[in-house]
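Asks:
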């Protein structure tokens, strides 16, 4: 009898808040021993999920941790993204056909197989994009959305000869100006929520935009988790 573990999809997010509602459902098991390294690792009979922080290096660390739990059938970059055109709105889901690393110019193709007239491109950058930058990326790359991790996950999928997908939920419209978030990011890709909250509390001019950002992030997270559940469905009850 074949007792080898069956390959499962491996989902890589950046922050726990992006996937909190998903892993709170029955069936997900959390691994606490990696929390000291800010790696959140979850296992399900039908999938593996990891998040280790923002940026390429932390995404690579999340992939490394996830693959120690068993073989992967595919790698999927998931999480929030900013819209790069006016066609996309908060809560919309983007299934990338192409992921572009803006630092290297590399292009990675996913297994979506979309028709040419509906191709969606996600561009990966090193830091949160301003409204002006989102518009520039939309024009320069015909981009649908911008994130900070998809290209790193795509590169690792290519190196391991695994299928790659990217599922992103829009958390901010193309014209929405994010507050300056970079100053609240730690060296290991975490977001200092308490420090950010205090910063905002002392600046009433930021309250409206931060409230809008919070609502957008919550809506995007809900839609993202539903989409991950849909992606997992074909693996349920599958035998080796």
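Residue numbers (our numbering): 535 to 774. Where is the CB? At the ideal position from N, CA and C, for every residue including glycine. Just so it is clear, the structure is predicted and the values come from calculations on it, not from any experiment.
#1: Tell me the rounded alpha-carbon separation between residue 583 and residue 711.
#2: Taking C-alpha atoms, which residue in 577, 677 and 558 lies nearest to residue 546?
#3: Say whether the stretch 659-676 touches the stretch 565-580, bearing in mind that this needs 3 or more beta-carbon pairs closer than 8 angstroms, one atom from each stretch.
#4: Count the other CB atoms, across all protein chains shown, that sit within 10 Å of the CB of residue 564; report buried if there are 16 or more and exposed otherwise.
#5: In angstroms with no decimal places, state the Cα-to-Cα distance between residue 763 and residue 612.
#6: Find out if the Cβ-Cβ distance for the pair residue 724, residue 587 is shorter than 8 angstroms.
#7: Taking 8 angstroms as the cut-off, decide whether the C-beta atoms of residue 614 and residue 754 are in contact.
#8: Taking the runs of the beta strand (DSSP E) that are 3 residues or longer, which of them lie wholly in the stretch 727-770?
#9: State buried or exposed for residue 542, treating a residue as buried only when at least 16 other CB atoms are found within 10 Å of its CB.
#10: Please confirm whether residue 610 and residue 767 have their CB atoms less than 8 angstroms apart.
#11: In the structure shown, what three-state DSSP assignment does residue 577 receive?
#12: In the DSSP output, what is residue 629 paired with across the bridge?
#13: Residues in the same chain with beta-carbon distance under 7 angstroms from residue 596, minus the five sequence neighbours each way, listed in chain order, please.
#14: Got a sec? Which residues, its chain only, sit under 6 angstroms from residue 604 by beta carbon, not counting five neighbours each side?
Replies: With the structure as the only source:
#1: Put simply, the backbone Cα of residue 583 is about 30 angstroms away from that of residue 711.
#2: Ranking the options by Cα distance to residue 546, first place goes to 577.
#3: The stretch 659-676 makes no contact with the stretch 565-580, as fewer than three CB pairs between them are under 8 angstroms.
#4: It is exposed - the Cβ of residue 564 has fewer than 16 other Cβ atoms within 10 Å.
#5: A direct Cα-Cα distance of roughly 12 angstroms separates residue 763 from residue 612.
#6: For residue 724 and residue 587, yes; Cβs fall inside 8 angstroms.
#7: Yes, the Cβ-Cβ distance between residue 614 and residue 754 is below 8 angstroms.
#8: Complete beta strand (DSSP E) runs here, min 3: none at all.
#9: Its Cβ being crowded by 16 or more others within 10 Å, residue 542 is buried.
#10: Between residue 610 and residue 767, the CB-CB gap reaches or exceeds 8 angstroms.
#11: Looking at residue 577 - three-state DSSP - the assignment turns out to be strand.
#12: Residue pairing for residue 629: DSSP places it in a beta bridge opposite 701.
#13: Contacts found: 546, 573, 584, 585 and 586.
#14: By the criterion of a C-beta distance shorter than 6 angstroms, residue 604 is surrounded in its chain by 539, once the five residues flanking it on both sides are discounted.
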